[in-house]
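In what follows, a structure is listed as structure tokens, so that the remarks can point back to it.
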């Protein structure tokens, strides 16, 4: 399993995503960014930051 903490990119956000693959995390992050952060599109540089911050789940 892998995980990503949105608060590592958006200070104060407590959302955490745990999935088997990076692709599943990316899909969940895009849904979350739209629903909870009002982002119509997630810029490529943000997705690259997400990719960089994905870690093995503890």
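Numbering (our numbering), first residue to last: 106 to 163.
Glycine residues also receive a C-beta, built at the ideal position from the N, C-alpha and C atoms.
Quick caveat, the model's predicted, so the values are computed rather than measured.
Distances from the alpha-carbon of residue 142 to those of 114, 150, 109 put 114 closest. Under DSSP, residue 122 takes part in a beta bridge, and its partners are 109.
Within the same chain, Cβ atoms closer than 6 angstroms to the Cβ of residue 111 are found at 118, 120, the five residues on either side in sequence being excluded. In the three-state scheme derived from DSSP, where H, G and I count as helix and E and B as strand, residue 161 is classed as strand.
In the three-state reduction of the DSSP assignment, residue 148 falls in the coil class, being assigned neither a helical nor a strand state.
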